[in-house]
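To keep things clear, I will list the structure first and then write my remarks on it.
Protein chains: 4
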Amino acid sequence: MQRTGRRTGVWLVGARGAVATTAVVGAAAIRAGLAELTGCVTACEGFPGDRLPALDDLVFGGHDLHGFPLTDRAEELAAGRVFPAGLLEPLEKDLAAADQEIREGYVGGEGRGRGPGGAAVSQEEAARALAADIVDFRERLELARVVVIHVASTEAPVRPRPEHENLAALEKALSAGADVLPPSSLYAYAAFSAGCPYVDFTPSTGARLPALDELARQRGLPYAGRDAKTGETLMQSALAPMFAARALRVRAWSGTNLLGGGDGATLVAPGPAASKTMSKRRGLGHLLDDRVEGTVHIDCVPSLGEWKTAWDHVAFEGFLGVPMSMQFTWQGCDSALAAPLVLDLARLTAAAHAAGLAGPLGALGFFFKDPAGTDELGQAAQYQALRSFAAALGGHA
Amino acid sequence: MQRTGRRTGVWLVGARGAVATTAVVGAAAIRAGLAELTGCVTACEGFPGDRLPALDDLVFGGHDLHGFPLTDRAEELAAGRVFPAGLLEPLEKDLAAADQEIREGYVGGEGRGRGPGGAAVSQEEAARALAADIVDFRERLELARVVVIHVASTEAPVRPRPEHENLAALEKALSAGADVLPPSSLYAYAAFSAGCPYVDFTPSTGARLPALDELARQRGLPYAGRDAKTGETLMQSALAPMFAARALRVRAWSGTNLLGGGDGATLVAPGPAASKTMSKRRGLGHLLDDRVEGTVHIDCVPSLGEWKTAWDHVAFEGFLGVPMSMQFTWQGCDSALAAPLVLDLARLTAAAHAAGLAGPLGALGFFFKDPAGTDELGQAAQYQALRSFAAALGGHA
Amino acid sequence: MQRTGRRTGVWLVGARGAVATTAVVGAAAIRAGLAELTGCVTACEGFPGDRLPALDDLVFGGHDLHGFPLTDRAEELAAGRVFPAGLLEPLEKDLAAADQEIREGYVGGEGRGRGPGGAAVSQEEAARALAADIVDFRERLELARVVVIHVASTEAPVRPRPEHENLAALEKALSAGADVLPPSSLYAYAAFSAGCPYVDFTPSTGARLPALDELARQRGLPYAGRDAKTGETLMQSALAPMFAARALRVRAWSGTNLLGGGDGATLVAPGPAASKTMSKRRGLGHLLDDRVEGTVHIDCVPSLGEWKTAWDHVAFEGFLGVPMSMQFTWQGCDSALAAPLVLDLARLTAAAHAAGLAGPLGALGFFFKDPAGTDELGQAAQYQALRSFAAALGGHA
Amino acid sequence: MQRTGRRTGVWLVGARGAVATTAVVGAAAIRAGLAELTGCVTACEGFPGDRLPALDDLVFGGHDLHGFPLTDRAEELAAGRVFPAGLLEPLEKDLAAADQEIREGYVGGEGRGRGPGGAAVSQEEAARALAADIVDFRERLELARVVVIHVASTEAPVRPRPEHENLAALEKALSAGADVLPPSSLYAYAAFSAGCPYVDFTPSTGARLPALDELARQRGLPYAGRDAKTGETLMQSALAPMFAARALRVRAWSGTNLLGGGDGATLVAPGPAASKTMSKRRGLGHLLDDRVEGTVHIDCVPSLGEWKTAWDHVAFEGFLGVPMSMQFTWQGCDSALAAPLVLDLARLTAAAHAAGLAGPLGALGFFFKDPAGTDELGQAAQYQALRSFAAALGGHA
């Protein structure tokens, strides 16, 4: 892949959000030798990542609804202890460059959605405009390819519609001027239309509709998702298989997530909260038993800022039915946990595209709560699958 | 194996201790249909355990230094909430039968060790007597084989001696009347001399001397150990690989273990504590990095009885060096966590013997903090290895 | 008071519930010398409790909707690890005696409430029947007095009505055949009508209506409540004043309560949950600041049985605004935490009645989340007030 | 007191340490309107602190062994997340002024101690020089008075000597050229000799010798200490009285403290660790029962920097002996917890001096693990005593 000598584009939907900004700042800091590769799975010593595009060869752009400068967002995050003091100053030029490549996106609504400048647009028009932005980015910067990654706010679960079931029905509805897709899926449609692989980083619907899967396969495009594991679920996916392997009977798994910042505020709204908790509970039921008791809470605690705390309590039975328990508390910085995974996913998905793979990338399930293309939800097994995938990619190059 | 129609003996060194008593009570309760198989790895639905001797075909005996009846110890454990109320009454006959098969063991000391009745004996005499007890048990009850499992109190780390290095030197020293083995190793020597496989369930030296490995291989005997994972280390072996796979940099892993009962009292003595903490730290260094900071404490808290609590705190760095943390608390009943593993190890080691395997059983590393015959310390990888091993055993039968 | 030589009755509304059963078993066990006084505040060494009726002089009776024998409930609790093994056998006679004194109670509903045998009754008729049961208990057993304590299931918050505002309006409505009281308040009305002091042990409305306060004062009767502190709130009332005294700024206080058994099942219904969480949050707002962020969750986890776990997370700021945190986990047996307080409240309220006090007993606020007759919510200050009250009671005797 | 119009000096022994630096930075930030009063007990709304010297009227100086500039230390702390980004820049002048008032101190050793420039000095000479530094500070800056506060590294417990028992014996030994005091006590001796009140902020011996108490009383000087409560012990002093008041029987209280930075490194040395853990356990024994089981650990975890984590586990029994537990985790910034207390103690001790009080200030026990002049160790009772003391001070002014 390196042979092409061309760089890889990373197009972030939600490009001025905390996760995107941290990814851009981090990539620039690593390139400048100001930060280590901590948290980047594919850059880890021993990981078979040598056939992936180099971190230094990633170029960033994206869509966002807001217009404030990326540097302002970065300053906010620095004040919130996401970056070490003094990191941003030497990276100003990189942030300005990324800022130049952010275009105004599409926002859905009760009636007609709105495109750049707030103009009412049909979804077909919107998709065309979004795709054009991405194509322009790819061509103008002479990029080998562009991976589109959705890191915008979580949406409510989508209500099923016949137009979601196959591509012909979907395109017919769109060309008739109907608005039938949630915004995250419109972005996926635009990405595929532009010939770009797509990653669902959030629990939103995105590419997870039969019609879009059909489109991806038709165009020979891989996609991955959804809902990156960055805390509670990461722990669960490491611990639930342990209980199962030890034949310890988990009776109840209860969890409380305290989130500050934007993520918390979004996620406590009933719709997005439903998406998130469905995505969270699915894994436990699958890894253990659907009858495991317990509730998962997501609370917005604004004073926590970019930080989050998850407490999980597991009530289990041991030999002769003796009741025992385990609890953990995970305290992390949300955007610092998510951002390196964005870089990993960009590299892996780009390489999969280069290797000619299409459809859901089950081997990337390691990163997700609700992985497409695989039934494996245990952390260790997912990691083995990921390594094998990365090692095998070379064969296609 | 089932074809022989003969039962398998389980010879417990420390047969009146909490772990042994719980194993005997539990096996009887399961046989009587009074308890489920919770905590028994090899009896778990989906585990390829059909070529292992049946749980119902295990027969118990052992050595101990103490003379109080097994039922008294069982009553004590019931009062300490290890068994549900009313479990013991219908099992009286089984406990009495096991009681009948317990012989007085060997105790080391500053000068000459002591055998049955407190008589001073040389280690060679002692080994002969211990082996004779086991052989008598096997022949009298017409057992297919006997697995010897050491569940007695943890010893201090052993000081290396030239006699430990090869079998000839060891046997020469013993026949010269010298006492050169720690008691756990004397039991291993006796077991091998009696033609029995051996399992180190504790951190004591046991079979882990080159001279004893030589003996085991010479006699075609398998062995396994050491130091069963039942709490903190079990969690560590599931979580440390997760941090490593995610490229999160663990800076410090600190642990405090509060233990009641006999185990706590033994383990706070400086010698045994050294054995235990060495065994505990080894895994973290191996799975993560030897420079990980942190101390592990083992405190005796008598009022906790058979219960234990472990608290671990992990300080780690994420992307851009942001400091984060994870902590867990594990609250379990020590003997209820250990006892089903005794049954698993008896079944697996018996099957390995039947299959003609000799030397350390690395595939049983799943059960141990400091596994013999393997370098793999991650929980999930160990579980895969165990399953493959169990599935393959059939081929030998 | 001891001079009267007469015993004190404790009339438990919800007499076959876990809390009532544990109180009856515990009082009997203490009388029989089979248990210590652990958890009994007023029996604690150094507490000025010598003017209170003796624990041994308490006699139990009550109302309940269910008919199963008290011994069955006690066996259930023993199986759930609330009592040590073997405690119940020697207490059979005491449980049978208490069982004899339990009468069928009143249950509200959508339409007309139901009395004994399920017969539809007006609230006026019901109150008369309930009061008659209590009077019969007092006279037949020649008791000095009877304290009525409500330990039945939590009700939803009551919708205000004009009939609640004064006694005349209430009695007018009742005699007109209207059902205007929630069941807990009907019991309070019956208790006062029977000349008995009343204690609200739960968050239900009970005596907390102006009309009932008027009745209590008119009859010269003391009352106390409501919602006993037995875990999370107990901790909060000890810790919130510490943060305040240290000028540490609490930004968010979040809590999750995992409850098994009947209490959990009742409390997750929206109505009772509202009562409980209102009662819980009130204290934090009062002790700290109403702007403290955070949510309190009450989850039913049936497999926890009689046990409960509360996890609280406190985000606070220290000097120069540095963010810090504290978290605690409380793991207790609900009925064992509540039952001794029932005994304490019976003794204290009886003594207050003997001393001629009427109206809300603010000095008993120590026991409650939402205390009547006081604004003090800090644990230590409440304890001082309680001691002074108990010490002063003697003066009235 | 404000009437004098003169400022109050705060002389910090260990003036370039983390606690002292944070106190100086914080006082300057508050004066400049850049920080709030969070964490300052005596500046809290509602605290009767109006007769205390104003925070703005405190002037800082002190002794230290090290020569690096205060601003360097402050930068280090800012990098360690003790200060918000950008706080230091506007405070440069204040730090430089405090830096000007730091003199080289005295360091003990195996043989003769060393004074400024590393010259060997007798303790009598050293005391004279130290006192002269303080007097010069007071006179040159025309201060109303100077409070000396010891915030230097913790020393090992002192071995009792006859010279500690009375002032005459001490002064005789000193004038004979003998070195009989630990450094912290030499500083107390110098402070009293200079006519200054003294505060022991650490567990070191300081003023806690009969000979020094005699000197303080002779000169009419108050003193306070020792070992400020800033985390685990603060929690314990709030929670232990709660268990006692509720008659819950604490069986074991175990604690693990993870400390980074200088404090951690000092405290794991056996001597200082002994001082610290003695100071920590004393309170629990006093508040609960000396037979409470449990160990307290202090671990140095360098990667935690200025942050500390304490985990405590409390095993207690409730009604009928049912075992329950509570655990807490306190995560705080050590110097940010300590520094505001330095300011509080300076203000309170200065006011006590102005009011003519001499000897140990028991009412300041609120701040200390091992308070001089009082037996009260419960947090709430200590706070009441502190408020009464502060309110009464006015009467003396």
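Protein chains in written order, with numbering that gives the first Met the number 0: chain A, 0 to 396; chain B, 0 to 396; chain C, 0 to 396; chain D, 0 to 396.
Idealized CB from N, CA, C, for every residue including glycine.
Exercise. Return the residues of the stretch 330-357 of chain B that lie within a Cβ-Cβ distance of less than 8 angstroms from chain A, sorted by chain order.
Key: For the stretch 330-357 of chain B, which is checked against every Cβ of chain A, the residues closer than 8 angstroms are Q330, G331, C332, A335, L336, A338, P339.
Quiz item: Using DSSP with H/G/I as helix, E/B as strand and the rest coil, what is B:T348?
Solution: helix
Quiz item: If you draw a straight line from the C-alpha of B:K307 to the C-alpha of B:L258, how long is it?
Solution: 5 angstroms
Self-check item: Exposed unless 16 or more other CB atoms sit within 10 angstroms - verdict on A:V106
Solution: Counting the other CB atoms within 10 Å of its CB gives A:V106 a total below 16, which places it among the exposed residues.
Quiz item: Considering only C-alpha positions, which residue in the set B:T255, B:A337, B:F366 is nearest to B:V81?
Solution: B:A337
Quiz prompt | Integer Cβ distance of C:F315 from C:S324, believed to fall under 8 angstroms | solution = 7 angstroms
Quiz item: For the 8 angstroms Cβ check, are there 3 or more pairs between the stretch 166-174 of chain C and the stretch 237-257 of chain C?
Solution: no
Quiz item: Run through DSSP, which three-state label would C:L64 get?
Solution: coil
Exercise. Please compile the residues from chain E whose C-beta is within a distance smaller than 8 angstroms of the C-beta of C:W310.
Key: Among the chains of the structure shown, chain E does not appear; the protein chains present are A, B, C and D.
Practice problem: Give the DSSP bridge partners of D:T204, in chain order. | Solution: Note: D:T204 sits in no beta bridge, so no partner.
Quiz item: If we count Cβ pairs, one from each stretch, closer than 8 angstroms, do we get three or more for the stretch 385-393 of chain D versus the stretch 31-51 of chain D?
Solution: yes
Quiz item: Who are D:E292's beta bridge partners in DSSP?
Solution: D:A251
Quiz item: Does D:A379 have its Cβ less than 8 angstroms from a Cβ in chain C?
Solution: yes
Quiz item: Expressed to the nearest angstrom, what Euclidean distance is found between the alpha-carbon atoms of C:Y382 and C:T348?
Solution: 16 angstroms
Quiz item: For A:L287, which three-state DSSP category applies?
Solution: coil
Quiz item: Helix, strand or coil: which one does DSSP assign to C:Y105?
Solution: coil
Quiz item: Any chance the stretch 83-99 of chain B sits against the stretch 53-69 of chain B, with 3 or more Cβ pairs inside 8 angstroms?
Solution: The stretch 83-99 of chain B makes contact with the stretch 53-69 of chain B: 3 or more CB pairs, one atom from each, lie closer than 8 angstroms.
Quiz item: How long is the line joining the alpha carbons of B:S387 and B:A353, rounded to whole angstroms?
Solution: Using only the alpha carbons, I get a separation of about 17 angstroms.
Exercise. Name, in chain order, the residues that DSSP records as bridge partners for B:Y197.
Key: B:V147, B:Y222
Quiz item: So B:V134 is in the alpha helix (DSSP H); what residue range does that whole segment cover?
Solution: 122-139
Self-check item: Straight-line Cα distance separating A:Q330 from D:R137
Solution: 48 angstroms
Quiz item: What is the DSSP secondary structure of A:G331, reduced to helix, strand or coil?
Solution: strand
Exercise. List the residues of chain D whose Cβ lies closer than 7 angstroms to the Cβ of B:A292, in chain order.
Key: Residue identity check: residue 292 of chain B is Glu in the sequence provided, not Ala. Here the neighbours are V300, P301, S302.
Self-check item: C:L90: first and last residue of the uninterrupted beta strand (DSSP E) it sits in
Solution: Element bounds for C:L90: n/a, residue is neither H nor E.
Quiz item: Which residues, in chain order, does the stretch 32-45 of chain B contribute to contact with chain A at a C-beta distance below 8 angstroms?
Solution: A34, E35, L36, T37, G38, C39, V40, A42, C43
Quiz item: Is B:A187 closer than 8 angstroms to B:V134 when the C-beta atoms are compared?
Solution: no
Exercise. Taking the CB atoms as reference points, tell me whether B:E13 and B:A19 lie closer together than 8 angstroms.
Key: Checking the sequence shown, residue 13 of chain B turns out to be Gly, not Glu. Yes, these two residues count as a Cβ contact at 8 angstroms.
Quiz item: Which same chain residues, not among the five before or five after A:P156, have their C-beta less than 8 angstroms away from its C-beta?
Solution: T204, G270, A273, S274, M277
Quiz item: How close, in whole Å, do the beta carbons of A:P202 and A:D56 come, if the pair is a contact with beta carbons under 8 angstroms?
Solution: The pair is not a contact, with the Cβ atoms about 30 angstroms apart (cut-off 8 angstroms).
Practice problem: Could you tell me whether any Cβ in chain C is nearer than 8 angstroms to the Cβ of D:A390? | Solution: With a threshold of 8 angstroms between beta carbons, D:A390 makes no contact with chain C.
Quiz item: Pick from B:L166, B:D132, B:P182: whose alpha carbon is nearest that of B:R113?
Solution: B:P182
Exercise. Name the residue from B:S253, B:R5, B:V267 whose alpha carbon lies nearest to the alpha carbon of B:V291.
Key: B:S253
Exercise. Compare the Cα-Cα distances from B:G4 to each of B:L356, B:G16, B:A53, B:R111 and report the closest residue.
Key: When B:L356, B:G16, B:A53, B:R111 are compared, the shortest CA-CA separation from B:G4 is found for B:A53.
Self-check item: Contact with chain C by B:R250, beta-carbon distance below 8 angstroms
Solution: no
Quiz item: For B:A155, does the three-state DSSP call read helix, strand or coil?
Solution: Look at B:A155 here: in three-state DSSP terms it is coil, with no helix or strand label.
Exercise. Would you grab the beta carbon distance between B:A73 and B:L342 for me? Rounded to a whole angstrom, and I think it's under 8 angstroms.
Key: That pair is no contact at about 16 angstroms.
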